[in-house]
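Visitor:
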Amino acid sequence: NCRGSNDQRYTSAARGGVIERAPWVRPIAVQNGDTTLIREVEVRWVSREYFETIGATVLGGRMFDERDTPRSRKVAMVNQAFVRQFFRTVDAVGRQVGDNASKDSVGEPYYVVGVVRDVLHHGPREPAAPVLYYCSAQQHPGSGRGFVVRTSLRAESFISTLRTEAHRLNPELFVGDPLTLTQEIDE
Numbered sequence: 604n605c606r607g608s609n610d611q612r613y614t615s616a617a618r619g620g621v622i623e624r625a626p627w628v629r630p631i632a633v634q635n636g637d638t639t640l641i642r643e644v645e646v647r648w649v650s651r652e653y654f655e656t657i658g659a660t661v662l663g664g665r666m667f668d669e670r671d672t673p674r675s676r677k678v679a680m681v682n683q684a685f686v687r688q689f690f691r692t693v694d695a696v697g698r699q700v701g702d703n704a705s706k707d708s709v710g711e712p713y714y715v716v717g718v719v720r721d722v723l724h725h726g727p728r729e730p731a732a733p734v735l736y737y738c739s740a741q742q743h744p745g746s747g748r749g750f751v752v753r754t755s756l757r758a759e760s761f762i763s764t765l766r767t768e769a770h771r772l773n774p775e776l777f778v779g780d781p782l783t784l785t786q787e788i789d790e
């Protein structure tokens, strides 16, 4: 992760851009009273700066931060749609969810540390789906697959700078053809 001037913000996001037509879905276990619900839920591995970069508001709890490391307790954030579907009136912060759950296992435990306002990851014409966000800093190194950039510069002039900086950080890093948010929405 790196930051540029006030005009530029960079962040890693492990699965594509802000708009995702084919999201990564995993079986998640959520304790709801005496019942454990197991549902397929959209999951996203994001960096600590992701929500700030895309302008999403954290409504409760905290954002991912330097406490969230590969050796610390596994944490997650959820969006409003997740809270509506699984927790209803119960505060989600501090609750445990199980990743990769099955009828025989509640999966690996993650603890909800924050709730974020719904982000329209499927485009502006689709309602927000429940999303579970994992902290990419808790993943093994080198497992990221992409990044999101917010800038006030024109996209055409920024792409050259983006490629130069990416190459400076890692000469083996491949930077494909970046898409603007407008391009992602139009696809």
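To convert, count from 1 in the sequence shown and add 603; that's this note's numbering. A virtual CB, placed ideally from N, CA and C, is assigned to each residue, including glycine.
#1: On a Cα-Cα basis, can you pick out the residue from I641, A731, R651, H724 that is closest to D702?
#2: Grab the span of the alpha helix (DSSP H) containing A684 for me, first residue to last.
#3: Does E655 come out as helix, strand or coil in the three-state DSSP assignment?
#4: Tell me the DSSP bridge mates of R642?
#5: Whole-angstrom Cβ separation of F685 and R698, contact assumed at under 8 Å?
#6: Leaving aside the five residues before and after Q683 along the sequence, list all residues of the same chain whose C-beta is less than 8 Å from its C-beta, in chain order.
#7: Confirm, please, whether the CB-CB distance from F667 to V649 is below 9 Å.
#8: Please report how far the alpha carbon of P673 lies from the alpha carbon of S763, in whole angstroms.
Guide: Answer, in terms of the structure:
#1: The residue labelled residue 702 in the question sits at position 99 within the sequence shown. Of I641, A731, R651, H724, the residue nearest in Cα terms is I641.
#2: On the sequence shown, position 81 is the one that residue 684 refers to. Where A684 is concerned, the enclosing alpha helix (DSSP H) stretches over 683-689.
#3: On the sequence shown, residue 655 is found 52 positions in, with the first residue counted as 1. Note: E655 maps to helix in three-state DSSP.
#4: Indexing the sequence shown from 1 puts residue 642 at position 39. Under the DSSP definition of a beta bridge, R642 partners with I631.
#5: The residue you call residue 685 lines up with position 82 of the sequence shown. The residue you call residue 698 lines up with position 95 of the sequence shown. Not confirmed; about 11 Å, so no contact.
#6: The residue labelled residue 683 in the question sits at position 80 within the sequence shown. Same-chain partners within the cutoff: L662, V718, V719, R720, D721, A731.
#7: Within the sequence shown, the letter at position 46 stands for residue 649. Within the sequence shown, the letter at position 64 stands for residue 667. Closer than 9 Å, so yes.
#8: Indexing the sequence shown from 1 puts residue 673 at position 70. Indexing the sequence shown from 1 puts residue 763 at position 160. Computed Cα separation, rounded: 33 Å.
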